[in-house]
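Trainee: In this note's numbering, the protein residues as written are 2 to 139.
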């Protein structure tokens, strides 16, 4: 399961060991507003045209104090380029750096309605010298 791999890394403190609503299998089927302590959206945001709407809808599903955990492929690690289109994933609409992801969150969500608790590169085992990406590149 995808979630288990993330629970073994730097996201572990945020994912915890309790139930998690994983949106990867059906991102269009959302739980009731204010009903979720934790939503996990791995490798989804970069493929969605209306990212503002997606972030707002996902955030609305959280209970007060809930967490939305996003992972996206890193533009410089996965694609090794700074602009779309993606050479590896034709459906991918945007490329991300940590800064680009933070900017989209700020653009989509109302000020003082959320807190960004952790933002970083998941590059464990990444081979910076390899011709093709290997290891983690989020």
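The C-beta atom is built at its ideal place from N, Cα and C for all residues, glycine as well. In this text, all values refer to a predicted model and were calculated from it rather than measured experimentally.
1) Note down the Cα distance separating residue 8 from residue 86, rounded to an integer number of angstroms.
2) Would you identify the three-state DSSP class for residue 78, choosing helix, strand or coil?
3) Count the C-beta pairs between the region 22-33 and the region 65-82 that are closer than 8 Å, then say yes if the count reaches three, no if not.
4) Sort out for me which residues DSSP pairs residue 97 with in a bridge.
5) Is the distance from the Cβ of residue 123 to the Cβ of residue 137 below 8 Å?
6) Taking contact to mean at least 3 C-beta pairs separated by less than 8 Å, is the region 62-69 in contact with the region 43-50?
7) Tell me the rounded alpha-carbon separation between residue 17 and residue 40.
8) Determine the closest residue to residue 109 out of 135, 90 and 57, with distance taken between C-alpha atoms.
9) One question on the structure: do residue 97 and residue 60 come within less than 8 Å of each other, judged by their Cβ atoms?
10) What is the rounded straight-line gap between the Cα of residue 38 and the Cα of residue 105?
11) For a test of the three-state rule: what should DSSP assign to residue 128, helix, strand or coil?
12) If you reduce the DSSP assignment to three classes, tell me which class residue 27 lands in.
13) What would DSSP say about residue 3, mapped onto helix, strand or coil?
14) In terms of alpha-carbon separation, which member of 112, 113, 54 and 11 lies closest to residue 31?
Mentor: If we stick to the structure as given:
1) Near 31 Å, if we compare the C-alpha coordinates of residue 86 and residue 8.
2) helix
3) no
4) 75
5) Note that the C-beta distance between residue 123 and residue 137 is below 8 Å.
6) no
7) 12 Å
8) 57
9) no
10) 22 Å
11) Three-state result, residue 128: coil.
12) coil
13) It is helical.
14) Ranking the options by Cα distance to residue 31, first place goes to 54.
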